[in-house]
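Comments concern the structure below.
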Amino acid sequence: MSIQPIITFKAGKCDMDSSSPPNIKADPTPGYIYLCTDGDGLTHFCWRARSSSASSPEIDLIMFPGDGSFVPYLGKAGSADGTTLRSPTNGRVFALKFSSSSQRHLFWLQSAPQAPNKENPDPSLFSPRDEKIGQIVDLLLRGEEVDVAAELREARDGGGGGGREGDGDDDVMEDVQPSASHGGSGGAGADATGGDVREEGEEAREGGADGARA
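Just so you know, the working numbering puts 197 at position 25 of the sequence shown, and the rest follows in order with no gaps.
See the structure below:
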């Protein structure tokens, strides 16, 4: 498949068991989620390890418009109070769901967390930027036209606030890339996602083997 990325961002896979409440465990492998189109104009939702070629994704799903949705995973223990979203895990998890089946895939964001509390950011809090990334992917899966570069620029410029001053420790916008053809660019426990996102250091942002901790 010819790779024509629409948007790319750092994320890892998650495994979820069938217990009640479900237990979610993060795969520590540093990875990328990216959406691309093939020669027939079909949208592909892909995930690959950062050490792998973009042309050989581990997950490659053909997405028919309107069948898939990409939303923050809140679970029954999560919260959505109108101003903030929190995952019931100790990381920021998104769910890829389908209207045509019960299949779902969970992914955790591997960029540094962004929160009003600079010294002790909440690793489960979805920042406005996190939400914007999810909204862009969700719109693309619906088959809608999205000016990805403009949307990312809005997020980078602080749309919604809550960011760290200067964004010195949060590389989300360097992490998320639009393609040139799109405008230039469950169970909530201490071990629910296999570690603590606050441990993420520079190695993670560089895609190092030791960097992906959720």
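Backbone N, C-alpha and C define an ideal beta-carbon position, used for all residues, glycine too.
Quick check: the Cα distance between residue i and residue j, rounded to an integer number of angstroms?
i           : j           : result
residue 321 : residue 231 : 25 Å
residue 373 : residue 266 : For residue 373, the predicted model reports a pLDDT of 31, less than 50, meaning its position is unreliable; a value from the coordinates is still stated below. Taking the straight line joining both Cα atoms gives about 21 Å.
residue 326 : residue 284 : 19 Å
residue 256 : residue 226 : 34 Å
residue 319 : residue 291 : 34 Å
residue 272 : residue 218 : 19 Å
residue 241 : residue 224 : 26 Å
residue 310 : residue 299 : 17 Å
residue 312 : residue 328 : 19 Å
residue 199 : residue 213 : 31 Å
residue 204 : residue 180 : 7 Å
residue 220 : residue 229 : 4 Å
residue 280 : residue 209 : 23 Å
residue 258 : residue 301 : 14 Å
residue 277 : residue 187 : 8 Å
residue 207 : residue 193 : 31 Å
residue 182 : residue 222 : 9 Å
residue 317 : residue 189 : 35 Å
residue 238 : residue 315 : 7 Å
residue 176 : residue 270 : 23 Å
residue 261 : residue 323 : 27 Å
residue 245 : residue 211 : 32 Å
residue 202 : residue 304 : 21 Å
Mapping DSSP to helix, strand and coil, what is residue i?
i           : result
residue 220 : strand
residue 265 : strand
residue 320 : helix
residue 284 : coil
residue 226 : coil
residue 354 : Caution applies to residue 354, whose pLDDT of 42 falls short of 50 and renders its modelled position unreliable; the value that the coordinates give is listed next. Residue 354: helix per DSSP, three-state reduction.
Where does the unbroken alpha helix (DSSP H) through residue i begin, and where does it stop?
i           : result
residue 301 : 300 to 313
Can you tell me where the beta strand (DSSP E) with residue i in it begins and where it stops?
i           : result
residue 177 : 177 to 188
residue 242 : 240 to 244
residue 232 : 231 to 235
residue 165 : Outside the displayed range of the chain (173 to 386) lies residue 165, so it cannot be described from this structure.
Does the distance from the C-beta atom of residue i to that of residue j stay below 9 Å?
i           : j           : result
residue 429 : residue 234 : Given a span of 173 to 386 for the chain in the structure shown, any question on residue 429 remains unanswerable.
residue 243 : residue 184 : no
residue 293 : residue 282 : no
residue 295 : residue 263 : yes
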